[in-house]
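Protein chains in written order, with this note's numbering: chain A, 736 to 1136; chain B, 1258 to 1512.
One structure is given below, encoded as structure tokens.
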């Protein structure tokens, strides 16, 4: 039997925690770190010295503080030197970015994906090509410490296999996406894969609209609708990681047919297709089409307005169900749900107020994403940093040549 | 329950023979957006001008952070920490963003204006509101879009460590994308701990960002309710008839 964590484990844990503070909070003074971590000053000094020696952080004199006394040194993340590769596979677009420690997007590449058959090899070679272009442009002393992708489909947690994606046409019953992308990158790094909405929840929870909020639901609409739920500070994953397919929650039994085979799913009633069909804008697709539609509704187009209000009603019912089950502090709307919520908030609120329990909704906050269209990408970057923040020095030793 | 930062009780206001406000009670809470809704002529603007010290109140009590105060000029309201952003924004087209934000309250070092400090403070305020659309702080306001002007006007109100910010129809003249940005900005102000009062005719905007809704009807406060307790049609009824079910004015109330 073990008596407790060893000195070495505690040190590793503290290094990770300190780096996480600087990564999420930006440049932080040593004094601030001391009070936030509850460690004494000499320990913080030793930890920052270790991280600085490894080139993960830099210590600087602060700019004028205007207060008496010797100013405490400010610890900054080495954003330009330590980075990860983050990928976002949406239905309509592919994005790759190089994100520095501290969450700075240093470089990004984006391409439009044509809707149609999902060609794994083509998607992977596009993303890997973007990554190579970006890596080639870096200075020689930079280090890539992780890679991760957000994928618009259900993803098995254990191995990054994409399992079920009702909005991508093609034979993708089981797709070893993470493994294939990692092989193509050939950087000796595994590529972690997560569901886009789950990673959106992670992004909003870490650096979005509600940092540190312990009970948060993130709802994301691309073509379909997905959700990520953070309960008690942890992202719920489910048995195999397929958690959070709230888009397939049935809100209207016997309603519109859904791509998943069922009828009346939230996605079928609120998703892009429902919006566009009801407004009679046949043939238009994509984020821009949804934005145009909400704009038209605001300008008084009756069909568009009915469609937006109708979707708002169903969205409200969906949120009411989630509020009853999870009693979240914040519900965040991202992707095209941002526009839809702002365009139909009266309907959404009304449905929530009539169909959820008063106690569960009393202090509910409804918010839109603070990260715009990059929310899933930011989530992927956070996923890519996970290992680094768990054990900074070990990870650095592994990736350094 | 938190105490309101701004609380009015029993406010009456007449212009000659016309009584515009009858026994109005109104509160604004820190960290919350309180929407003030009502039909044209319900008394919204008069109430706001009473809060801002432009009109004096005939009778009633004005509490700020729990203390009874008298506010008889806009300067006194500003000294308490009450800022109002009017619909016309009151920005000067021929001045740049920094000059506008400090208009009438310029910083000086010695005899000259302290441009560097002012610019730094303006930049910090705009960055704190995550405003990314403005390219240069030395841009003339005439070159800004409607949404950007609204942003500058709001930033100007926030600059002075204000505690209550009152926004009069901030989204009235804006397109959808800019409305969304301004609504998010309004929400952000409250999330930073300010008490925000939002006057709007657009109930959708009201529901999108408000925590409380106060409905004025013919100079009387019909109801002040939490946004998690009412439906769209109830608020419409409060605005148009002063009551909705058990909410709102009863027949015997003063008339």
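We put the CB at the ideal spot given by N, CA and C, even for glycine.
In this text the structure is predicted, and so the values were computed from the model without any measurement.
Residue i: first and last residue of the uninterrupted alpha helix (DSSP H) it sits in
i: residue 946 of chain A; result: Residue 946 of chain A -> no alpha helix (DSSP H), and no H or E assigned at all.
i: residue 1137 of chain A; result: Outside the modelled stretch of chain A, which goes from 736 to 1136, sits residue 1137 of chain A, for which no answer is possible.
i: residue 680 of chain A; result: This structure cannot settle anything about residue 680 of chain A, because the visible part of chain A is limited to 736 through 1136.
i: residue 1276 of chain B; result: It is not in any alpha helix (DSSP H) - residue 1276 of chain B instead sits in the beta strand (DSSP E) that spans 1275-1285.
i: residue 1271 of chain B; result: Careful: residue 1271 of chain B lies outside any alpha helix (DSSP H), inside the beta strand (DSSP E) at 1263-1272.
i: residue 1489 of chain B; result: 1489-1498
i: residue 795 of chain A; result: Careful: residue 795 of chain A lies outside any alpha helix (DSSP H), inside the beta strand (DSSP E) at 792-795.
i: residue 1295 of chain B; result: First-last for residue 1295 of chain B: 1290-1295, but that is the beta strand (DSSP E), not the alpha helix (DSSP H).
i: residue 742 of chain A; result: 742-760
i: residue 1414 of chain B; result: 1403-1415
i: residue 1435 of chain B; result: 1433-1448
i: residue 1303 of chain B; result: 1301-1308
i: residue 1517 of chain B; result: Nothing about residue 1517 of chain B can be read from this structure; chain B reaches only from 1258 to 1512.
i: residue 1121 of chain A; result: 1110-1125
C-alpha distance - residue i paired with residue j, whole-angstrom precision
i: residue 1070 of chain A; j: residue 892 of chain A; result: 23 Å
i: residue 1510 of chain B; j: residue 1471 of chain B; result: Model confidence at residue 1510 of chain B stands at a pLDDT of 49, short of 50, so the residue's coordinates are unreliable and nothing is read from them.
i: residue 1506 of chain B; j: residue 1478 of chain B; result: 8 Å
i: residue 1090 of chain A; j: residue 1056 of chain A; result: 8 Å
i: residue 847 of chain A; j: residue 830 of chain A; result: 9 Å
i: residue 935 of chain A; j: residue 927 of chain A; result: 15 Å
i: residue 1265 of chain B; j: residue 740 of chain A; result: 58 Å
i: residue 758 of chain A; j: residue 1446 of chain B; result: 25 Å
i: residue 1113 of chain A; j: residue 1124 of chain A; result: 16 Å
i: residue 1373 of chain B; j: residue 1364 of chain B; result: 10 Å
i: residue 1409 of chain B; j: residue 918 of chain A; result: 50 Å
i: residue 1059 of chain A; j: residue 1450 of chain B; result: 27 Å
i: residue 780 of chain A; j: residue 816 of chain A; result: 22 Å
i: residue 986 of chain A; j: residue 1128 of chain A; result: 49 Å
i: residue 1431 of chain B; j: residue 1461 of chain B; result: 14 Å
i: residue 1344 of chain B; j: residue 1076 of chain A; result: 25 Å
i: residue 976 of chain A; j: residue 885 of chain A; result: 13 Å
i: residue 965 of chain A; j: residue 1469 of chain B; result: 27 Å
i: residue 1438 of chain B; j: residue 809 of chain A; result: 33 Å
i: residue 1044 of chain A; j: residue 794 of chain A; result: 53 Å
i: residue 869 of chain A; j: residue 853 of chain A; result: 25 Å
i: residue 989 of chain A; j: residue 962 of chain A; result: 22 Å
i: residue 1327 of chain B; j: residue 1355 of chain B; result: 32 Å
i: residue 778 of chain A; j: residue 788 of chain A; result: 15 Å
i: residue 1385 of chain B; j: residue 797 of chain A; result: 19 Å
i: residue 1375 of chain B; j: residue 1307 of chain B; result: 30 Å
Expected contact under 8 Å - CB spacing of residue i and residue j to nearest Å
i: residue 811 of chain A; j: residue 820 of chain A; result: No, residue 811 of chain A and residue 820 of chain A are not in contact; Cβ-Cβ is about 22 Å, not under 8 Å.
i: residue 1454 of chain B; j: residue 1293 of chain B; result: 6 Å
i: residue 1081 of chain A; j: residue 1464 of chain B; result: 4 Å
i: residue 879 of chain A; j: residue 1064 of chain A; result: In fact, because the Cβ distance is near 35 Å, the residues do not count as touching under 8 Å.
i: residue 910 of chain A; j: residue 951 of chain A; result: So it is not a contact: roughly 29 Å between Cβ atoms.
i: residue 1040 of chain A; j: residue 1046 of chain A; result: At roughly 11 Å, the Cβ-Cβ gap does not stay under 8 Å, so residue 1040 of chain A and residue 1046 of chain A are not in contact.
i: residue 1352 of chain B; j: residue 1360 of chain B; result: 7 Å
i: residue 1390 of chain B; j: residue 1405 of chain B; result: 6 Å
i: residue 1466 of chain B; j: residue 1500 of chain B; result: Incorrect: roughly 25 Å between the Cβ atoms, too far for contact.
i: residue 945 of chain A; j: residue 1073 of chain A; result: Not confirmed; about 15 Å, so no contact.
i: residue 1270 of chain B; j: residue 1291 of chain B; result: Actually they do not touch by this definition, with Cβ atoms about 19 Å apart.
i: residue 1068 of chain A; j: residue 1027 of chain A; result: That pair is no contact at about 18 Å.
i: residue 838 of chain A; j: residue 813 of chain A; result: Not really, about 13 Å apart at Cβ, beyond 8 Å.
i: residue 1286 of chain B; j: residue 1452 of chain B; result: 6 Å
Limits of the beta strand (DSSP E) - the one that residue i falls within
i: residue 930 of chain A; result: 926-930
i: residue 1332 of chain B; result: No beta strand (DSSP E) holds residue 1332 of chain B; the alpha helix (DSSP H) holding it covers 1331-1337.
i: residue 768 of chain A; result: Residue 768 of chain A -> not in any beta strand (DSSP E); alpha helix (DSSP H) instead, spanning 765-772.
i: residue 963 of chain A; result: 960-966
i: residue 1428 of chain B; result: Here residue 1428 of chain B belongs to no beta strand (DSSP E), and DSSP marks it neither H nor E.
i: residue 1260 of chain B; result: Looking at the DSSP string, residue 1260 of chain B is not in any beta strand (DSSP E), and its letter there is neither H nor E.
i: residue 1471 of chain B; result: 1469-1474
i: residue 1388 of chain B; result: It is not in any beta strand (DSSP E) - residue 1388 of chain B carries neither H nor E in the DSSP assignment.
i: residue 1395 of chain B; result: Residue 1395 of chain B -> no beta strand (DSSP E), and no H or E assigned at all.
- request: Could you tell me which uninterrupted beta strand (DSSP E) segments, each at least 3 residues in length, are contained entirely in the stretch 806-838 of chain A, listed from first to last along the chain?
  value: 809-812, 817-824, 828-835
task: Could I get the ranges of all uninterrupted alpha helix (DSSP H) runs contained in the stretch 845-879 of chain A, with 4 residues as the minimum, in chain order?
output: 855-871
query: Can you list, in chain order, the stretches of the alpha helix (DSSP H) that have 4 or more residues and sit fully within the stretch 972-1046 of chain A?
result: 1001-1005, 1007-1014, 1022-1034
task: Would you check if the stretch 955-973 of chain A and the stretch 993-1011 of chain A touch, i.e. whether three or more CB-CB distances between them fall below 8 Å?
output: yes
- request: Count the C-beta pairs between the stretch 965-981 of chain A and the stretch 1014-1025 of chain A that are closer than 8 Å, then say yes if the count reaches three, no if not.
  value: no
- request: List in chain order: all unbroken alpha helix (DSSP H) runs of 4+ residues lying wholly within the stretch 1312-1366 of chain B.
  value: 1331-1337, 1354-1358
- request: Determine, using beta-carbon pairs with one atom in the stretch 1091-1107 of chain A and one in the stretch 749-765 of chain A, whether at least three such pairs fall under 8 Å.
  value: no
- prompt: Below 8 Å, can you find three or more Cβ-Cβ pairs linking the stretch 1266-1286 of chain B to the stretch 863-879 of chain A?
  reply: no
message: Using 8 Å as the cut-off, can you tell me whether the stretch 1398-1418 of chain B makes contact with the stretch 1348-1366 of chain B, which would need three or more C-beta pairs spanning the two stretches below that distance?
response: yes
At least 3 beta-carbon pairs within less than 8 Å: the stretch 741-752 of chain A vs the stretch 773-788 of chain A: yes
field: Touching by the beta-carbon criterion (3+ pairs, under 8 Å), the stretch 1386-1402 of chain B and the stretch 1308-1322 of chain B
entry: no
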